[in-house]
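Written below as structure tokens is the structure these notes are about.
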Amino acid sequence: MEGDIAQLGQYIGAGIAGMGAGIAALGVGNVAGNFLAGALRNPSAAAGQTATLFIGIAFAEALGIFAFLTALLLMFAA
Amino acid sequence: MEGDIAQLGQYIGAGIAGMGAGIAALGVGNVAGNFLAGALRNPSAAAGQTATLFIGIAFAEALGIFAFLTALLLMFAA
Amino acid sequence: MEGDIAQLGQYIGAGIAGMGAGIAALGVGNVAGNFLAGALRNPSAAAGQTATLFIGIAFAEALGIFAFLTALLLMFAA
Chain A
1 MEGDIAQLGQ
11 YIGAGIAGMG
21 AGIAALGVGN
31 VAGNFLAGAL
41 RNPSAAAGQT
51 ATLFIGIAFA
61 EALGIFAFLT
71 ALLLMFAA
Chain B
1 MEGDIAQLGQ
11 YIGAGIAGMG
21 AGIAALGVGN
31 VAGNFLAGAL
41 RNPSAAAGQT
51 ATLFIGIAFA
61 EALGIFAFLT
71 ALLLMFAA
Chain C
1 MEGDIAQLGQ
11 YIGAGIAGMG
21 AGIAALGVGN
31 VAGNFLAGAL
41 RNPSAAAGQT
51 ATLFIGIAFA
61 EALGIFAFLT
71 ALLLMFAA
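So the sequence lines, in the order shown, correspond to chains A, B and C. Once you know that position 22 of the first sequence is 22 in full-length UniProt numbering, the rest is easy, because the numbers rise by one and skip nothing. Once you know that position 16 of the second sequence is 16 in full-length UniProt numbering, the rest is easy, because the numbers rise by one and skip nothing. Once you know that position 66 of the third sequence is 66 in full-length UniProt numbering, the rest is easy, because the numbers rise by one and skip nothing.
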């Protein structure tokens, strides 16, 4: 058995962090899903809530990007 | 097999903490999703609850940033 | 392979504790999300429940901060 054991940790850690990016999609999906459910029930109000939709998506997406950033840092910077 | 086994722990730990940042997106998504569901049912009340929306997002987002901070500390400071 | 195997445990443990901070965001999101869902259904009652909203957020947030504190202690004090 050869190789640097610290690299083993980097790659396993990057994979776990990448899973976090995927989990964040559940949060984004909850925002967009609730928007669509409401917009299709009351289409006349949907245009007024588009800004809120993007705010909610942006904050949830940011956390998923942080998880992806952790994976990138583990692979290429740590 | 070579390398410092403590670094293995730092990198795997950073990945797990990065996953935590992604999980926090579920909380943010729940806040924004419920806001949108309610705002589209009762658009006239939505403007009055915008402050609460941002308070809820801010507290949930803060915990996700703490998790990301844990990942950064593990990679570069611990 | 070199290094202290106890440090391996400290760092992996810190990562798992950091994930706990992210999971606590689910609780915060549940409090704020349900407040918003109810406040938009019955806006006139929302102002009277703002104190309860902050109590709920504070207790859930405190547990997330405890998890983050556990991660910091594992990295720098244990």
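Built from N, CA and C at the ideal position, the CB exists for glycine as well. Here the structure is a predicted model, which is why all the values come from computation and not from measurement.
{"Item": "Near A17 (chain A), which residues of its chain fall below 6 Å by C-beta distance, leaving aside the five closest residues on each side in sequence?", "Value": "A67, T70 and A71"}
{"Item": "Does the beta carbon of I5 (chain A) sit closer than 7 Å to a beta carbon anywhere in chain C?", "Value": "yes"}
{"Item": "Give the straight-line distance between the Cα atoms of A58 (chain C) and A14 (chain B), rounded to the nearest whole angstrom.", "Value": "27 Å"}
{"Item": "Contact check, A37 (chain C) vs G48 (chain B) under 8 Å by CB: the rounded distance?", "Value": "About 14 Å separates the two Cβ atoms, so there is no contact after all."}
{"Item": "Could you check what DSSP says for E2 (chain B) in three-state terms: helix, strand or coil?", "Value": "strand"}
{"Item": "Nearest chain A C-beta to M1 (chain C) closer than 7 Å, yes or no?", "Value": "yes"}
{"Item": "Looking only at its own chain, which residues have a Cβ that is under 8 Å from the Cβ of E61 (chain B), when we skip the five neighbours before and after it?", "Value": "A24 and V28"}
{"Item": "Using a beta-carbon distance below 7 Å, is L63 (chain C) in contact with chain B?", "Value": "no"}
{"Item": "Are the CB atoms of I12 (chain B) and I12 (chain A) nearer to each other than 7 Å?", "Value": "yes"}
{"Item": "For the candidate residues B:G56, B:P43 and B:A51, whose alpha-carbon lies nearest to that of N34 (chain C)?", "Value": "B:G56"}
{"Item": "For a contact meaning CB atoms closer than 7 Å, what does T50 (chain A) contact in chain B?", "Value": "Per Cβ cutoff of 7 Å: no residues; T50 (chain A) is ~10 Å from chain B at best."}
{"Item": "Within the same chain, show all residues whose beta-carbon is closer than 8 Å to that of L53 (chain A), passing over the 5 residues directly before and after it, in chain order.", "Value": "V31, A32 and F35"}
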